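Presented below is the structure to which this report refers.
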Amino acid sequence: MKSPRKQLEERVSAALVQLLGEAGAAVDPLIRPTQDPRFGDFQSNVAMGLRKQLGGSPREVAARLIAALDVADLCAEPEIAGPGFLNFRILPSFLASQLEQIQGDDRLGAPLAEQPQRVVVDFSSPNLAKEMHVGHIRSTIIGDALARVLEFCGHDVLRLNHVGDWGTPFGMLIQSIRETRPEVLERPDDLRIDDLESFYVDAKRRFDSDPEFAVRARKAVVDLQAGDESALAVWRAFCRESLRHAHEIYERLQVRLTDRGESFYNPVLPGMVEELLQRGLAIESDGAICFFVGNWTNRDGKPLPLMVRKSDGGYNYDTTDLAGVRHRILQEKAVRIIYVTDIRQRQHFDMVFEGARAAGWAGDEVSLEHVGFGMVLGEDRRPFKTRDGGTVKLKALLDEAVTRSREFLEQNAERMAELTDEERTEIAWVVGHAAVKYADLSHNVSSDYIFAWDTMLALEGNTAAYMLYAVARTRSIGRKAGIAFEELPTDLPILVEHESEIGLAKTLLEFPGVVEQVAQQLRPHLLTDYMYALSRAFSTFYDRERGVRVVDVEDEAVRLSRLRLCDLTARTLKTSLSLLGIDCLEKM
RNA sequence: GCCCUCGUAGCUCAGGGGAUAGAGCACCGGCCUCCGAAGCCGGUGGCACAGGUUCGAUUCCUGUCGAGGGCACCA
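382 is the number that numbering that gives the first Met the number 0 gives to position 383 of the first sequence; each next residue is one higher, with no gaps.
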């Protein structure tokens, strides 16, 4: 099912082919939603640009386009306005017929990809040996949402948790334990996440303040690399406990992930470096093996390489990320590889991508994309911290979201009276988690955003609660009308007449296009913006002044049509929420 | 020094060659004998600055100013 916009694009394209021949197929019909209802629903801006090719004024070009256009079933007679805009007004009857076709469709008109792709989404990827904290939230939530959208589109998605389970942090930890807490070496399996956290803080402090310790810590990495059994035992225990903890959080967030940390690539690193050397792609420089790609420079203006082997023989994230991208292309056969990380790593990934191209692993058929997100800031515009300046643990943050959402609910005595205690608990849980996810996803990925409890939990505006409220209202309508939406026939005639019905119908039909856009552009906030528009269109439709009656209209055909519109709204919102990893509620 | 983001309403955020730049919060005002007022409707208020490209620039390009970030053995 193509959106009205897409169908219109195809019609205008066909007209362009008539006017320009084959070349017309390559011309973008420039269909855009109008900004002002006076100009209809869509406009095409293509005529102004075709003036030179076709001759005549833009308005004359527009007139010729209209003559070649076949859109009578879709919209009213197009109008020429201003310097040469073409204005289209979609016919309510067309909206109705489109809705009739999708009313029984679980996918609400969204097509499956014609050519499903093997896609890797690399996200979350915390460093082990540390508790999950606020710094991991964006990657986890955004990555999961993108994976869900791509899966919904029919792609074969591998969700990879590229955890930091190797390298200097572990050398530092192991060395610190050897020197200060040797007893841990005896019984590594007794480790708990809290211990890990405190060990890490200790080790990091020593590493930063004591250069000699730093040298010994790097040496410990080499021990690990060499298979030193006592070091490995501690390492395994650290990883196991860290991952156990991380998966507690993932379960709570309903995030699925395949753990495949940096260490996974250890066995292939020497061979890969050797290959790069032999092919003359990498050279030795200051004792390190360097793969110079692109035109990046350092502070001194000298070329900046991917350092695939350090002068001490160890490997760093240039090496593992290069090995990762190679494995994902050559072994996993991925044609689209997406990295969801802090935007500060943009340059690093640009270099890795360049390296993968230069080495010939990534051909033109492979798309390598970095989704770089901004920081989470506190209301003081500084990195989000606890009141005493500490790191905000993810578990604590989610707990607070639930507590605050519960408090919010308790302020509303009327609502409280209608809910059982079990329902209250469920509502607080769902709304709390939804609020945190939605707040993150509704911001432009690349910009920093300010973490503000009051804004994200508010029940007005573009928040999760507003969406959940709209869904809960539709459920309530079903109860009031005494019908089960699932049992309605799926061939109901849909009647779209009232202004608020037209508005709702138009918005409902935009869903497929929005999903497609999110999958292409990897920008989840397009979906939240859409959901907000849909919720508002529904609120207007159902408003006692601006909208129409639903449950108590006399005419049964009208009543059923309107109930179906409620149902389609609920399903569209529910599906959208599920694409963001957010649960729904029957009541709230 | 080089490179990358980003400057949109008092605040938080969208938008992105096209006709009068959208929301939320806050502020002012209207709407519950009527399907959920956790709602709806209206009002106030904005593209950092200067050039350029274009029929048309808030959007693209260049520069200035301002904020943040990255730049050889951390990830």
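No residue lacks a Cβ here, since even glycine has one placed at the ideal position from N, Cα and C. Remember, predicted model here, so these are calculated numbers, not experimental data.
Asked	Found
C-alpha gap between L329 and W360, whole angstroms	7 Å
Short Cβ contact (8 Å threshold) for I482 with M587	no
Separation of D554 from Y468, as counted between CA atoms	28 Å
Assumed close pair F290, V307 - CB separation to whole angstroms, cut-off 8 Å	5 Å
According to DSSP, residues forming a beta bridge with C152	Paired residues: none, contrary to the question.
Neighbourhood of R570 by C-beta distance below 7 Å, restricted to the same chain and skipping five residues each side	L107
When V430, L521, H442, V334 are compared against H369, the one with the closest alpha-carbon	L521
Outcome for Q6 when other beta-carbon atoms lying within 10 angstroms are tallied against a minimum of 16	buried
Reduced DSSP secondary structure (H/G/I, E/B, other) of D593	Since the first residue shown for the chain is 0 and the last is 587, residue 593 is missing from the structure and cannot be characterised.
With 16 other Cβ atoms within 10 Å as the buried cut-off, status of P511	buried
Integer-rounded CB distance, given that S499 should sit under 8 Å from G546	4 Å
Residues that I79 bridges to, as DSSP identifies them	L85
Supposed close pair L508, S2 - CB separation, criterion 8 Å	6 Å
Selected residue, minimal CA-CA separation from L159, among R414, V254, R343	V254
8 Å Cβ cutoff met for T506 and A532	yes
Status (buried if at least 16 other CB within 10 Å, exposed otherwise) for L494	buried
Through-space distance from G502 to L19, alpha-carbon basis	35 Å
Straight-line gap, P488 to Q102 (C-alpha atoms, nearest Å)	9 Å
Nearest candidate by alpha-carbon position, reference P181, set F198, P168, D193	F198
Unbroken stretches of the alpha helix (DSSP H), 4 residues or longer, contained in the segment 229-303	268-277
First and last residue of the uninterrupted beta strand (DSSP E) at L15	Segment 3-19 is the alpha helix (DSSP H) holding L15; no beta strand (DSSP E) there.
Reference D320; option with closest CA among L94, L440, G163, I173	G163
Separation of R117 from A225, as counted between CA atoms	35 Å
Close beta carbons around Y338, own chain, < 6 Å, minus the five adjacent residues each side	D121, F348, H369
Neighbourhood of T419 by C-beta, 6 Å cutoff - its chain only, sequence neighbours within 5 removed	none
Distance, P269 Cα to E515 Cα	41 Å
Own chain partners of R186 with C-beta closer than 8 Å, once the 5 adjacent residues on each side are dropped	none
Paired residues, beta bridge with V120 - DSSP	R158, I337
Status (buried if at least 16 other CB within 10 Å, exposed otherwise) for S124	buried
Among H132, P28, A109, E99, nearest to F84 - alpha-carbon criterion	P28
Element boundaries [alpha helix (DSSP H), containing E185]	182-185
Length of the line joining the Cα atoms of L572 and A109	14 Å
Buried/exposed call for R4, threshold 16 Cβ in 10 Å	buried
For D490, the nearest candidate out of D35, E99, P91, S92 (CA to CA)	E99
Distance between beta carbons of A24 and S12, contact taken as under 8 Å	6 Å
Endpoints, alpha helix (DSSP H) assigned at E515	510-520
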